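Residue numbers (our numbering), protein chains in the order written: chain A, 1 to 404; chain B, 1001 to 1404. We put the CB at the ideal spot given by N, CA and C, even for glycine. Keep in mind that this is a model prediction, so the values were computed, not measured. Scroll down for the structure; my scribbles are underneath it.
There are 2 protein chains.
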Amino acid sequence: MFQINDNYQKLPGSYLFSTIGKKVAAFSEAHPDKSIIRLGIGDVTQPLAPAIIEAMHKAVDEMADAKTFRGYAPDLGYEFLRKAISDNDYKARGCDIEADEIFVSDGAKSDSGNIQEIFAQDNRIAVCDPVYPVYVDSNVMAGRTGTYDAATGMWSNVIYMPCTRENNFVPEFPKETPDMIYLCLPNNPTGTTITKAQLQEWVDYANKVGAVIIYDGAYEAYITEDNVAHSIYECEGAKTCAIELKSFSKNAGFTGVRLGYTVVPKELKCGDVSLHGMWARRHGTKFNGAPYIIQRAGEAVYSDAGKAQLKEQVAYYMKNAATIKSGLQEAGFEVYGGVNAPYIWLKTPEKMTSWEFFDYLLEKANVVGTPGSGFGPSGEGYFRLTAFGSYENTVAALERIKAL
Amino acid sequence: MFQINDNYQKLPGSYLFSTIGKKVAAFSEAHPDKSIIRLGIGDVTQPLAPAIIEAMHKAVDEMADAKTFRGYAPDLGYEFLRKAISDNDYKARGCDIEADEIFVSDGAKSDSGNIQEIFAQDNRIAVCDPVYPVYVDSNVMAGRTGTYDAATGMWSNVIYMPCTRENNFVPEFPKETPDMIYLCLPNNPTGTTITKAQLQEWVDYANKVGAVIIYDGAYEAYITEDNVAHSIYECEGAKTCAIELKSFSKNAGFTGVRLGYTVVPKELKCGDVSLHGMWARRHGTKFNGAPYIIQRAGEAVYSDAGKAQLKEQVAYYMKNAATIKSGLQEAGFEVYGGVNAPYIWLKTPEKMTSWEFFDYLLEKANVVGTPGSGFGPSGEGYFRLTAFGSYENTVAALERIKAL
């Protein structure tokens, strides 16, 4: 008789955003007259930039003609896109990352879930707490996390690095030595980040203890401060210890378009074994390339027109972030993030739990946010609002919150 | 110090089609004057059907307007596509598969590589031999296959079910009981299939021994004989033992568009645990939905115009299949497949190995095919040609082969 992967049974409850979705649906059904504003999930609302739309129409037309039709893409991505990424995201910043070190994918969520596969099962992971749930969940499925303690919300074999107001949201080197360190910077959900000098310390630490850093740079486009690194490869020595994941979802509005990439430098090795070769093998065996049309959309992100249009789009969302931040501060909330990231992280008032505040905000202001505890035990007592709504909705939501 | 997943080190050599690509590139460089005809990889060459192109342009335009813009898709697929699949591929054939049992993905290669994740590591797999290499390779990466014997090309913990001319390419129930049985029908690479009555015997066997069948129906659109099932769910009892994988690559030319789906019936359980719930969790954690534009393209496959256009496209390729089959027979080859599948499987002449015949055909006829041994040990002494080229190239290739 076949047996299942028992690790799945260890996962508590359902995915955070499913629970939120159900709660909102129930409220909406009970109060059909209320207009709900969603500042919960990190989903964008602005349409795709004209340069991207144009590139996709052109690519669709190419698929309509046998002379320009494209079948299977190269597993690792089309050269035109890998080169644009290498030139713009790396070489222009002084990072020596070649096109063939870039693996194009259907999005950073897939990559951040799948990357753990190339590591040994008894590797020990460290995560910032709170953080994007996929890192831990995908390692639970792989049997790497030990047992779950429902009382603390913690896994016995995961090293948690609390990021709270007490340490200014800067993760500290853990007491126990991890093998794999997940860093999402700027961080989801806290919207906070660390300086390039602080990141350099993490790179030095990883090289010293022999850990690999899985660096999620999904929110890089929102960085506004000069002393923050746009890529971990700006730090010396990162190519021997770090894998970088990047998304087009937030910088170009591709949440429904699906495109991302992962950098695995050729210098990153375990003994003689190149992780670059391993990830290439994984990609070649269990993935068949991102759609041609979508890769052309990605290329347009790096065109002059695309860059200009997306700069405006990011500015639009960051105006929302500033609106949320100042509005919450006016309303007396303690607020973090929103400067280098499209997320605002607030301390819940009057010792409310994250879910209590979720219910309170939904019922009293009809505004949906995300409970901080959904991102890890140290997120308890915090709450996330996102800047990805429309400006009008954002302003309206803040008016409602201020009126509470 | 982090460690790697050692199972990757067990994988012999590179992926079959990479090796072929390198050999062809080397030949091409040495003989720049020769015009090479590629009937090797199963990649389509006909442009996308007009109904699909139209649907994609429309979807692209929707993404350009905030009012119709779509962000994150539902993880498991848009309802409009899941319903079209349920209605057309299942209910129209009398199979009671609901829309919510269908999981839309970025292609059957991803699903066929990832599906093993929800099963226990000590499950034993059975595969037809020869077969699509992803089934075995993805299980090697998961540590499920034991050790590799380079002399036989076999893994110690894989149950091989030889499909050769001796058994008319019909897999026999293995002596040892498997937990997971991979069936690709019509089969890649042999282009052969089994009758619905024979498939029913496999369903009965799986239910009896408690095995799960992972049924890859990628070539279903090419079935021409009435006694062949288009879905395993045409067989009684399949919903308690079978997962079905489907691709849009071959029936609609989506190799570069990327769309597929997997059916996990709610009745399929291991004890109390629903595999449907497990696959939903996997999809929700490590995947973020197929692109909206691509899902609209998939929907167009089921429109009246789409169906009519794709019927012609499949007929075009099957005319190639008939051309290859009759041409090879005229040239004195022993030939199989090509009736319910776009693949022709030939016995190599004069006891040549598969790779010897590959080199012979490349050098003497400048035609690229695929060595049968690349698909498993029982593929040795066979060779695959595909019907996915243009008609003109197919005719020209056969003229060259007949002239040898």
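Can you give me the Cβ contacts of residue i inside the same chain, cut-off strictly under 6 Å, excluding the 5 residues immediately before and after it?
i, result
"A:PHE169", "CYS163, THR190, THR192"
"A:ARG484", "Here chain A has residues from 1 to 404 only, and residue 484 of chain A is not among them."
"A:PHE333", "LEU346"
"B:ASP1075", "HIS1283, GLY1284, GLY1289"
"A:SER138", "GLY113, GLN116"
"A:ALA142", "GLN116"
"A:ALA221", "ASN251, VAL314"
Against residue i, what residues of chain A qualify as contacts under a CB-to-CB distance less than 9 Å, listed in chain order?
i, result
"B:PRO1012", "Under the 9 Å cutoff, chain A gives no residues; its nearest Cβ is about 12 Å from B:PRO1012."
"B:GLY1389", "By Cβ distance, chain A contributes nothing, its closest Cβ being about 11 Å from B:GLY1389, past 9 Å."
"B:MET1141", "GLU117, ILE118, ARG281, ARG282, THR285, LYS286"
Just to make sure I have the definition right: I need the residues of chain B whose C-beta is within less than 8 Å of the C-beta of residue i. Which are they?
i, result
"A:VAL339", "Neighbours of A:VAL339 on chain B: none; closest Cβ ~24 Å, over 8 Å."
"A:ALA120", "PHE1002, GLN1003, ILE1004, ASN1005, ASP1006"
"A:TYR15", "ARG1281, GLY1284, THR1285"
"A:VAL134", "THR1285, LYS1286"
In its own chain, which residues sit with a C-beta less than 7 Å from the C-beta of residue i, not counting the 5 before and 5 after it?
i, result
"A:ARG124", "ASN157, ILE159, PRO178, ASP179"
"A:PHE388", "GLY42, ASP43, VAL44, THR45, TYR317, PRO342"
"B:ALA1229", "LYS1196, LEU1199, CYS1235"
"B:SER1274", "LYS1266"
"B:GLY1298", "LEU1081, PHE1248, LEU1259"
"A:ASN393", "ILE37"
"B:GLU1172", "MET1161"
"B:GLY1253", "VAL1044, GLN1046, LEU1048, GLN1313"
"B:TYR1302", "ALA1084, ASN1088"
"A:TYR72", "ASN288, GLY289"
Taking CB distances under 7 Å as the criterion, tell me whether residue i reaches chain A.
i, result
"B:LEU1268", "no"
"B:HIS1276", "no"
"B:LYS1286", "yes"
"B:ASP1137", "yes"
"B:ARG1070", "yes"
"B:ASN1123", "yes"
"B:SER1110", "yes"
"B:MET1063", "yes"
"B:ALA1211", "yes"
"B:GLY1040", "no"
"B:ASP1106", "yes"
"B:ASP1204", "no"
"B:ASP1043", "yes"
By the criterion of Cβ-Cβ separation under 7 Å, what are the contact partners of residue i in chain B?
i, result
"A:GLN46", "ALA1066"
"A:ASN114", "LYS1286"
"A:MET180", "PHE1002"
Answer with yes or no whether the minimum CB distance from residue i to chain B is below 7 Å.
i, result
"A:SER35", "no"
"A:VAL131", "no"
"A:ALA73", "yes"
"A:GLY374", "no"
"A:VAL273", "yes"
List, in chain order, every chain A residue whose beta-carbon is nearer than 8 Å to that of residue i.
i, result
"B:TYR1292", "GLY256, VAL257"
"B:GLN1009", "VAL273"
For residue i, which residues in chain A fall below 7 Å Cβ to Cβ?
i, result
"B:ALA1051", "In chain order: nothing, as chain A lies at least about 11 Å away."
"B:HIS1057", "HIS57, VAL60"
Could you check whether the Cβ of residue i sits closer than 6 Å to any heavy atom belonging to the ligand SAM?
i, result
"B:SER1035", "No copy of the ligand SAM appears in this structure; indeed no ligand is present at all."
Is residue i close to chain E, meaning its C-beta is less than 7 Å from at least one C-beta of that chain?
i, result
"A:ARG384", "Absent from the structure is chain E; the protein chains it does hold are A and B."
Query - Stretch-stretch touch, CB-based, cutoff 8 Å, three pairs: the segment 1182 to 1192 of chain B with the segment 1086 to 1105 of chain B - result: No, the segment 1182 to 1192 of chain B is not in contact with the segment 1086 to 1105 of chain B.
Query raised in the report: Is it true that the segment 1287 to 1299 of chain B meets the segment 285 to 297 of chain A, where meeting means three or more beta-carbon pairs spaced less than 8 Å apart?
Result: Counting Cβ pairs under 8 Å, three or more are found: they touch.
Requested in this report: Decide yes or no for the touch test of the segment 1304 to 1323 of chain B against the segment 1039 to 1049 of chain B: beta carbon pairs closer than 8 Å, at least 3 of them.
Outcome: Under the three-pair Cβ rule at 8 Å, the segment 1304 to 1323 of chain B counts as touching the segment 1039 to 1049 of chain B.
Query raised in the report: Does the count of Cβ pairs from the segment 206 to 223 of chain A and the segment 233 to 245 of chain A closer than 8 Å reach three?
Result: When Cβ pairs closer than 8 Å are counted between the two stretches, the segment 206 to 223 of chain A is seen to touch the segment 233 to 245 of chain A, the count reaching three or more.
Query raised in the report: Does the pairing of the segment 384 to 404 of chain A with the segment 1010 to 1028 of chain B give three or more beta-carbon distances under 8 Å?
Result: With contact defined as three or more Cβ pairs closer than 8 Å, the segment 384 to 404 of chain A and the segment 1010 to 1028 of chain B are not in contact.
Query raised in the report: Looking at C-beta atoms only, is the number of pairs between the segment 1365 to 1380 of chain B and the segment 1131 to 1144 of chain B that lie closer than 8 Å three or more?
Result: In short, these stretches touch, since the Cβ pair count reaches three.
Query - Ranges of the beta strand (DSSP E) found wholly within the segment 1284 to 1372 of chain B, counting only runs of at least 3 - result: If we require 3 residues or more, the beta strand (DSSP E) runs fully inside the segment 1284 to 1372 of chain B come out as 1334 to 1337, 1343 to 1347.
Requested in this report: Could you tell me whether the segment 1322 to 1333 of chain B touches the segment 1056 to 1074 of chain B, using the rule of 3 or more Cβ pairs below 8 Å?
Outcome: No: fewer than three Cβ pairs fall under 8 Å.
**Report entry** Continuous alpha helix (DSSP H) assignments of at least 4 residues falling wholly in the segment 181 to 264 of chain A
**Finding:** Counting only runs of 4 or more, we get 196 to 209.
Requested in this report: Would you mind listing the beta strand (DSSP E) stretches within the segment 108 to 178 of chain A that are 3+ residues and don't spill past its ends, in chain order?
Outcome: For the segment 108 to 178 of chain A, whole beta strand (DSSP E) runs of length 3 or above, ordered along the chain, are 125 to 129, 158 to 162.
**Report entry** Secondary structure, beta strand (DSSP E): runs of 3+ residues fully inside the segment 55 to 106 of chain A
**Finding:** Whole beta strand (DSSP E) segments, 3+ residues: 102 to 105.
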